[in-house]
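In the UniProt record's numbering, the protein residues as written are 1 to 79.
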């Protein structure tokens, strides 16, 4: 089972692309981290995965729940 799945994930603020088309496949039990310089979009990706913000486009599922359609279900599971 995929704990986290993201495809063609984009997040833009006005004309600035904070996240530009990333793909993630994180299996149950897998450990991962985000590394990168300031402004690379690490915090934005975490906010997208935790449903604190919505993507401009792309698909996200967390624990096999669609993050765009059911953000409250994901928040309940993460709490």
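Every residue gets a Cβ at the ideal spot worked out from N, C-alpha and C, and that includes glycine.
A quick note: this is a predicted structure, and the numbers were derived from the prediction, not measured.
Straight-line gap, residue i to residue j (C-alpha atoms, nearest Å)
i	j	result
residue 58	residue 29	24 angstroms
residue 34	residue 25	13 angstroms
residue 50	residue 2	15 angstroms
residue 54	residue 68	7 angstroms
Of the residues the options, the one placed nearest residue i, counting alpha carbons only
i	options	result
residue 5	17, 45, 36, 39	45
Beta-carbon separation (whole angstroms), residue i vs residue j, contact threshold 8 angstroms
i	j	result
residue 48	residue 19	7 angstroms
residue 21	residue 10	6 angstroms
residue 23	residue 8	7 angstroms
What are the start and end residues of each continuous beta strand (DSSP E) run of 3 or more residues lying completely inside the UniProt domain "ABC transporter" (20-69), in chain order? Within the UniProt domain "ABC transporter" (20-69), the complete beta strand (DSSP E) runs of at least 3 residues are 57-62.
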